[in-house]
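Peer 1:
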Amino acid sequence: GARAQALFDAMRHAEAEEAFVALAARDDADDAARCRATLLAGQAMIRRRDRARGATALTSVAVHCPDADARAWARFHAAKALGALDRHADAIAQYDALVLEVLREYEGRFDTFLNGLMLSNPRQLVRHEVRARGGEGGPA
Numbered sequence: 185g186a187r188a189q190a191l192f193d194a195m196r197h198a199e200a201e202e203a204f205v206a207l208a209a210r211d212d213a214d215d216a217a218r219c220r221a222t223l224l225a226g227q228a229m230i231r232r233r234d235r236a237r238g239a240t241a242l243t244s245v246a247v248h249c250p251d252a253d254a255r256a257w258a259r260f261h262a263a264k265a266l267g268a269l270d271r272h273a274d275a276i277a278q279y280d281a282l283v284l285e286v287l288r289e290y291e292g293r294f295d296t297f298l299n300g301l302m303l304s305n306p307r308q309l310v311r312h313e314v315r316a317r318g319g320e321g322g323p324a
């Protein structure tokens, strides 16, 4: 895992993706390790602009992983990727699922978690909503 993370941190995304996919496929990987590896593989895909594959991988993490943090981050990154692909309705669906997940799983930590995710670019949500309804959506 350390090598894959080092590749990811060094922005060597194709190599990091390959390493994380291999980690997720290991027979001795537990669910938590498999989820983390798939989450980071999906992020590596997105970082090298393979947004469709990345969003698919991350959506799988969001649906199947037992870890609430992994599910939430997967939905957030999948939504951003889908928005970049002009799939704004799908992006909104991921953001909506994220909000429900946060409300269900994070209760007392809601404000901190939501601020960390959404306030880094608050116009992003509005842009997806406007584009999904057929408008321009403003600057990126």
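Numbered continuously in my numbering, the sequence shown closes out at residue 324.
Beta carbons are placed, not taken as given, at the ideal position from N, Cα and C, and that holds for glycine.
Report yes or no: do three or more beta-carbon pairs, one from the region 217 to 228 and one from the region 196 to 207, lie closer than 8 Å?
Peer 2: Counting Cβ pairs under 8 Å, three or more are found: they touch.
Peer 1: For M229, count the other beta carbons within 10 Å of its own beta carbon; 16 or more makes it buried, fewer makes it exposed. Which is it?
Peer 2: Your numbering for residue 229 matches position 45 in the sequence shown. M229 is buried by the Cβ-count criterion.
Peer 1: Just verifying my parser: in three-state terms, what is the DSSP assignment at G185?
Peer 2: In the sequence shown, counting from the first residue as 1, residue 185 sits at position 1. Of the three classes helix, strand and coil, the one that applies to G185 here is coil, per DSSP.
Peer 1: In three-state terms, what does DSSP make of C249?
Peer 2: As a working note, residue 249 is residue 65 in the sequence shown. In the structure shown, C249 sits in coil (DSSP, three-state: anything other than H, G, I, E or B).
Peer 1: For V247, does the count of other Cβ atoms within 10 angstroms reach 16, so buried, or fall short, so exposed?
Peer 2: Along the sequence shown, one-based indexing puts residue 247 at 63. V247 comes out exposed.
Peer 1: Looking at C-alpha atoms only, which residue of D270, A198, R231 and E289 is the closest neighbour of A256?
Peer 2: On the sequence shown, position 72 is the one that residue 256 refers to. Considering only alpha carbons, the answer is E289.
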